[in-house]
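Listed in order, the protein sequences are those of chains G and V.
Residue 18 in the working numbering sits at position 18 of the first sequence, and the numbers go up by one each step.
Offset between the second sequence (1-based) and the working numbering: plus 290.
To start, the structure under review is shown below, and the notes come after it.
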Amino acid sequence: MKAYSYFPGCCCDEGTGVAYGISTRAIAAPLEIELRRLADWNCCGSAPMWALDSAEGACASLRNLALAEQAGLDLVTHCSSCYLMLRKAHTVFTRDTALSFQLRRALRSAGLEYGGRVRVRHLAEILLDDLGPEAISRRVRKKLTGLRVGCYYGCQTVRPQGIDHPEFPTRLERLVASLGADAVDFPFKTRCCGASLMFSEDGLALSLVRKILESATARGVQCLVTVCPFCQINLDAFQRHVNGRFGTRFNVPVLFLTQLIGIALGLEPRSLGLEKNIVLPAPVLAAYVG
Amino acid sequence: MNDLREELYRLPGGEKFNLCIQCGTCSASCPSVSAMRYSPRQVIALVRAGMVQEVLHSNAVWMCASCYMCTVRCPRDIQPTELMHTLQLLAARLGLIADRSPAPAFYRAFRASVKAHGRAHEFGIMFNFLLGRPGKALRMLPVAISLFRRGRLSLRVPRTRGASELATILSALRQGGESETPAALTVAQGGVSA
Ligand code: SF4
Ligand code: SF4
Numbered sequence: 001m002k003a004y005s006y007f008p009g010c011c012c013d014e015g016t017g018v019a020y021g022i023s024t025r026a027i028a029a030p031l032e033i034e035l036r037r038l039a040d041w042n043c044c045g046s047a048p049m050w051a052l053d054s055a056e057g058a059c060a061s062l063r064n065l066a067l068a069e070q071a072g073l074d075l076v077t078h079c080s081s082c083y084l085m086l087r088k089a090h091t092v093f094t095r096d097t098a099l100s101f102q103l104r105r106a107l108r109s110a111g112l113e114y115g116g117r118v119r120v121r122h123l124a125e126i127l128l129d130d131l132g133p134e135a136i137s138r139r140v141r142k143k144l145t146g147l148r149v150g151c152y153y154g155c156q157t158v159r160p161q162g163i164d165h166p167e168f169p170t171r172l173e174r175l176v177a178s179l180g181a182d183a184v185d186f187p188f189k190t191r192c193c194g195a196s197l198m199f200s201e202d203g204l205a206l207s208l209v210r211k212i213l214e215s216a217t218a219r220g221v222q223c224l225v226t227v228c229p230f231c232q233i234n235l236d237a238f239q240r241h242v243n244g245r246f247g248t249r250f251n252v253p254v255l256f257l258t259q260l261i262g263i264a265l266g267l268e269p270r271s272l273g274l275e276k277n278i279v280l281p282a283p284v285l286a287a288y289v290g
Numbered sequence: 291m292n293d294l295r296e297e298l299y300r301l302p303g304g305e306k307f308n309l310c311i312q313c314g315t316c317s318a319s320c321p322s323v324s325a326m327r328y329s330p331r332q333v334i335a336l337v338r339a340g341m342v343q344e345v346l347h348s349n350a351v352w353m354c355a356s357c358y359m360c361t362v363r364c365p366r367d368i369q370p371t372e373l374m375h376t377l378q379l380l381a382a383r384l385g386l387i388a389d390r391s392p393a394p395a396f397y398r399a400f401r402a403s404v405k406a407h408g409r410a411h412e413f414g415i416m417f418n419f420l421l422g423r424p425g426k427a428l429r430m431l432p433v434a435i436s437l438f439r440r441g442r443l444s445l446r447v448p449r450t451r452g453a454s455e456l457a458t459i460l461s462a463l464r465q466g467g468e469s470e471t472p473a474a475l476t477v478a479q480g481g482v483s484a
């Protein structure tokens with residue numbers, strides 16, 4: 001069993017993405033991955049803190065990197081934003097500029113050091129590279145035969161650099177196929193969902209979500225999977241909003257990839273937080289549960 | 291305002307702004323362009339012309355969704371996303387209020403939450419942000435209710451021992467008075483590896 005430091009991120013720990021955290025922890029044991037929660041972790045700073053004062057954002061991420069370094073394991077997160085921010089902080093810090101000196105001094109004030117030795121990894125990378133689709137396939141107890149699944153990558157999972165090609169990624173499809181499901185390609189799978197603009201500029205963000213849902217449903221997907229909590233909430237929780245605003249009739253469940261894997265591993269829907277989805281996936285998954 | 295331009299040019303990556311061929315690939319790739327007062331291509335042109343103030347007064351930088359599409363497509367290897375971030379930083383530092391963009395207020399609510407609790411408390415952030423915006427609050431209410439019903443909006447304020455340690459680090463960052471130097475800006479041009 002391989003062990004990792006685990007960084008849940010604020011929204012997946014007990015907020016809007018809580019089902020992502022629940023389902024990730026649920027599939028870890030059957031897949032023989034040990035996730036050791038980073039003790040006393042704090043927010044990665046996320047886009048807002050980095051935007052208002054990037055040195056502050058970097059400090060927030062660096063404290064976590066310093067803690068992970070003490071633990072001596074790769075740092076795994078399943079949030080695409082945390083993934084980007086933690087790596088950005090690492091890059092900035094290890095570049096050896098006046099700023100990195102300033103950051104080092106700030107860390108020291110709390111008795112922390114960062115030596116630049118932590119590898120930050122996305123959970124999807126662990127599934128793809130450390131475990132591999134074949135190994136996952138061997139553990140499948142309920143093959144998802146006939147289920148048409150669209151993989152929605154969004155932005156920061158693959159850009160500027162990430163788990164796959166920035167514009168034409170295909171690796172999540174391989175994971176979905178390893179569960180026995182049909183991975184359905186659709187043109188807008190890497191288009192932006194608007195992310196946090198949903199709050200400040202909801203009109204714009206809703207139109208972006210609409211285009212993504214249109215693109216996917218036109219290809220006949222029964223559900224979408226994502227590996228980013230912001231993609232999930234925008235596509236799932238705001239789907240009714242999109243329908244209200246544009247007169248559309250979308251009703252597509254948007255699952256975390258970990259939830260779909262959990263179903264294929266034969267885990268209970270409740271242990272995967274499936275009842276927390278706004279568009280309930282139960283009808284689509286009925287044939288594969290129980 | 292040419293000082294600001296010089297500052298931007300001194301950033302890692304900033305020397306590339308002059309390589310822009312104004313091809314418009316960035317603008318054509320941008321999901322937000324329709325809502326921006328100036329497109330990413332125009333932002334670059336304005337910065338090059340020394341009209342940074344013009345850009346900072348507009349909503350353009352706050353409309354950026356950080357999708358990095360412009361960055362991965364730019365044929366001259368300029369990173370418009372990082373420029374957008376740097377301009378956000380500059381606008382925040384200079385206290386410029388972009389025309390009616392609510393994004394900075396949302397960002398500030400987020401930052402306040404992290405500083406207070408060490409983690410982002412989504413309910414608190416939404417509450418603070420929507421308090422003075424009844425129209426938006428009303429539009430968001432059904433979503434908030436459905437999230438709450440599904441147990442996705444926690445009222446519980448997160449507690450982490452890390453919060454006080456983070457506060458120590460952030461206050462140490464301010465000692466030495468270096469925050470007003472261009473050094474603080476260089477973070478934005480960080481790029482990503484590791
Ligand atoms: S894509 Fe690059 S070269 Fe083309 S206009 Fe945009 S910044 Fe300039
Ligand atoms: S990163 Fe920002 S400026 Fe660039 S394409 Fe995306 S939204 Fe537009």
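Every residue gets a Cβ at the ideal spot worked out from N, C-alpha and C, and that includes glycine.
Within 8 Å, strictly: CB atoms of G452(V) and R63(G): The sequence position of residue 452(V) within the second sequence is 162, counting from 1. The sequence position of residue 63(G) within the first sequence is 63, counting from 1. Closer than 8 Å, so yes.
Self-check item: G425(V) in three-state terms, based on DSSP
Solution: What you label residue 425(V) is simply residue 135 of the second sequence in a count that begins at 1. The answer is helix: DSSP assigns G425(V) an H, G or I state.
| said: So N243(G) contacts chain V; which residues on that side make the cut at Cβ distance below 7 Å? | reply: The residue labelled residue 243(G) in the question sits at position 243 within the first sequence. Those do not exist, as N243(G) stays about 12 Å from chain V at its closest Cβ, beyond 7 Å.
Quiz item: With respect to 7 Å, is the separation between the Cβ of G290(G) and the closest non-hydrogen atom of ligand 1 below this value?
Solution: Taking the first sequence and counting its residues from 1, one reaches residue 290(G) at position 290. No.
- prompt: Between the beta-carbon of T217(G) and the beta-carbon of L257(G), is there less than 8 Å?
  reply: The residue given as residue 217(G) occupies position 217 in the first sequence. The residue given as residue 257(G) occupies position 257 in the first sequence. No.
Problem - 7 Å Cβ cut-off: residues of chain V touching C228(G) - result: In the first sequence, counting from the first residue as 1, residue 228(G) sits at position 228. Under the 7 Å cutoff, chain V gives no residues; its nearest Cβ is about 12 Å from C228(G).
Go ahead and label K276(G) buried or exposed: buried means 16 or more other beta carbons lie within 10 angstroms of its beta carbon, across all protein chains shown.
The residue you call residue 276(G) lines up with position 276 of the first sequence. Counting Cβ neighbours within 10 Å, K276(G) comes out buried, since at least 16 surround it.
Worksheet item: Which chain G residues sit within Cβ distance under 8 Å of S348(V)?
Response: For the purposes of this step, residue 348(V) is taken as the residue at position 58 of the second sequence. Near S348(V) there are no residues of chain G at all, since even the closest Cβ is about 14 Å away, more than 8 Å.
Notebook entry, point to check: For Q465(V), is the classification buried or exposed, using 16 other Cβ atoms within 10 angstroms of its Cβ as the cut-off for buried?
Noted result: For the purposes of this step, residue 465(V) is taken as residue 175 along the second sequence, with counting starting at 1. That one is exposed.
Within chain G, partners of L437(V) - CB distance below 7 Å
As a first step, residue 437(V) must be located in the second sequence, where it is residue number 147. T16, A237, listed in chain order.
Exercise for the section: Decide yes or no for the touch test of the stretch 94-112 of chain G against the stretch 154-162 of chain G: beta carbon pairs closer than 8 Å, at least 3 of them. Expected result: no
Short CB-CB distance (under 8 Å) between G194(G) and chain V: For this step, residue 194(G) is matched to residue 194 along the first sequence. With 8 Å as the cut-off, G194(G) counts as an interface residue toward chain V.
Grouping DSSP H, G and I as helix and E and B as strand, with all else coil, what is H82(G)? The sequence position of residue 82(G) within the first sequence is 82, counting from 1. Reading off the sequence, residue 82(G) comes out as Cys, not His. C82(G) falls in the helix class under three-state DSSP.
_Strictly under 8 Å for the Cβ-Cβ distance: is I459(V) near chain G by that measure?_
Residue 459(V) sits at position 169 when you count from the first residue of the second sequence. Yes, I459(V) lies at the interface with chain G (some Cβ there is under 8 Å from its Cβ).
Which residue's Cα is closest to the Cα of D40(G): R210(G), P169(G), Y6(G), Q222(G)? The residue labelled residue 40(G) in the question sits at position 40 within the first sequence. Considering only alpha carbons, the answer is Y6(G).
Pull out every residue of the stretch 376-387 of chain V whose Cβ sits closer than 7 Å to any Cβ of chain G, in chain order. Q378, L379, A382
Flag this pair as yes or no: are the beta carbons of Y83(G) and V120(G) separated by less than 8 Å?
Position 83 of the first sequence holds residue 83(G). Position 120 of the first sequence holds residue 120(G). Contact flag set, yes.
Can you tell me whether V184(G) is helix, strand or coil according to DSSP?
In the first sequence, the residue the question calls residue 184(G) occupies position 184. In this structure, V184(G) counts as strand in the three-state DSSP scheme.
Problem - Alpha carbon of S454(V) to alpha carbon of L86(G), nearest angstrom - result: The residue labelled residue 454(V) in the question sits at position 164 within the second sequence. The residue labelled residue 86(G) in the question sits at position 86 within the first sequence. Near 20 Å, if we compare the C-alpha coordinates of L86(G) and S454(V).
* Could you have a look at C59(G) and say whether DSSP puts it in helix, strand or coil? => Along the first sequence, read from residue 1 onward, the residue named residue 59(G) stands at position 59. Reduced to three states, the DSSP call for C59(G) is helix.
Is it the case that the Cβ atoms of R148(G) and Q222(G) are separated by a distance below 8 Å? In the first sequence, the residue the question calls residue 148(G) occupies position 148. In the first sequence, the residue the question calls residue 222(G) occupies position 222. Cβ distance < 8 Å, so R148(G) and Q222(G) count as in contact.
request  = Would you decide whether E332(G) is buried or exposed? Buried here means 16 or more other CB atoms lie within 10 Å of its CB.
outcome  = For residue 332(G) there is no data in the structure shown, the boundaries of chain G being 1 and 290.
(Q) Check whether chain G comes within 8 Å of L373(V), counting only Cβ atoms and requiring the distance to be less than that. (A) On the second sequence, position 83 is the one that residue 373(V) refers to. No, because no Cβ of chain G sits closer than 8 Å to the Cβ of L373(V).
Thinking C-beta only, is G266(G) closer than 8 Å to R141(G)?
Residue 141(G) sits at position 141 when you count from the first residue of the first sequence. Residue 266(G) sits at position 266 when you count from the first residue of the first sequence. Yes, the Cβ-Cβ distance between R141(G) and G266(G) is below 8 Å.
Task: Contact the stretch 18-29 of chain G vs the stretch 411-418 of chain V: 3+ CB pairs below 8 Å - done: no
(request) Note the first and the last residue of the continuous alpha helix (DSSP H) segment covering I278(G). (result) Looking up residue 278(G) in the first sequence gives position 278. Premise fails: I278(G) is in no alpha helix (DSSP H) and is neither H nor E.
9 Å Cβ cut-off: residues of chain G touching M341(V): Taking the first residue of the second sequence as 1, we reach residue 341(V) at position 51. Going along chain G, no residue has its Cβ under 9 Å from M341(V), so there is no contact; the nearest lies around 21 Å.
* Work out the CA separation of H165(G) and L274(G) for me, nearest whole Å. => Residue 274(G) sits at position 274 when you count from the first residue of the first sequence. Residue 165(G) sits at position 165 when you count from the first residue of the first sequence. In a straight line, the C-alpha of L274(G) is about 29 Å away from that of H165(G).
Considering only residues of the same chain and omitting the five flanking positions on each side of F238(G), which have a CB-CB separation below 7 Å? Here the question's residue 238(G) lines up with position 238 in the first sequence. Correct list, in chain order: M198, L206, V209.
* Asked: Taking Cβ positions only, does C10(G) come closer than 8 Å to chain V?
  -> To locate residue 10(G), count along the first sequence from 1; it is residue 10. Yes - at least one Cβ of chain V is within 8 Å of the one on C10(G).
Q: Using a threshold of 8 Å, state whether the C-beta atoms of C364(V) and C320(V) are closer than that.
A: Indexing the second sequence from 1 puts residue 364(V) at position 74. Indexing the second sequence from 1 puts residue 320(V) at position 30. It is not a contact, given that the beta carbons lie outside the stated cut-off.
Beta carbon of P448(V), beta carbon of E56(G): below 8 Å? Working through the second sequence from its first residue, we reach residue 448(V) at position 158. Working through the first sequence from its first residue, we reach residue 56(G) at position 56. Cβ atoms of P448(V) and E56(G): not closer than 8 Å.
*asked:* Given the structure, does A47(G) come close to ligand 2, in the sense that its CB is under 7 Å from one of the ligand's heavy atoms?
replied: The residue given as residue 47(G) occupies position 47 in the first sequence. No, Cβ of A47(G) sits at least 7 Å from all heavy atoms of ligand 2.
Quick check on this structure: which residue in C228(G), E69(G), C10(G), L179(G) has the alpha carbon closest to the alpha carbon of A124(G)?
By 1-based counting over the first sequence, the position of residue 124(G) is 124. Ranking the options by Cα distance to A124(G), first place goes to C228(G).
Check your understanding: Of the choices V284(G), P160(G), G220(G), H78(G), whose alpha-carbon is the least far from that of Q232(G)?
Key -> Translated into positions along the first sequence, residue 232(G) becomes position 232. Closest option to Q232(G), Cα to Cα, is H78(G).
ask   = A448(V) touches chain G at which residues, Cβ-Cβ below 8 Å?
value = For the purposes of this step, residue 448(V) is identified with residue 158 of the second sequence, where counting begins at 1. For the sequence presented, residue 448(V) should be read as Pro rather than Ala. Here the neighbours are C10, D13, E14.
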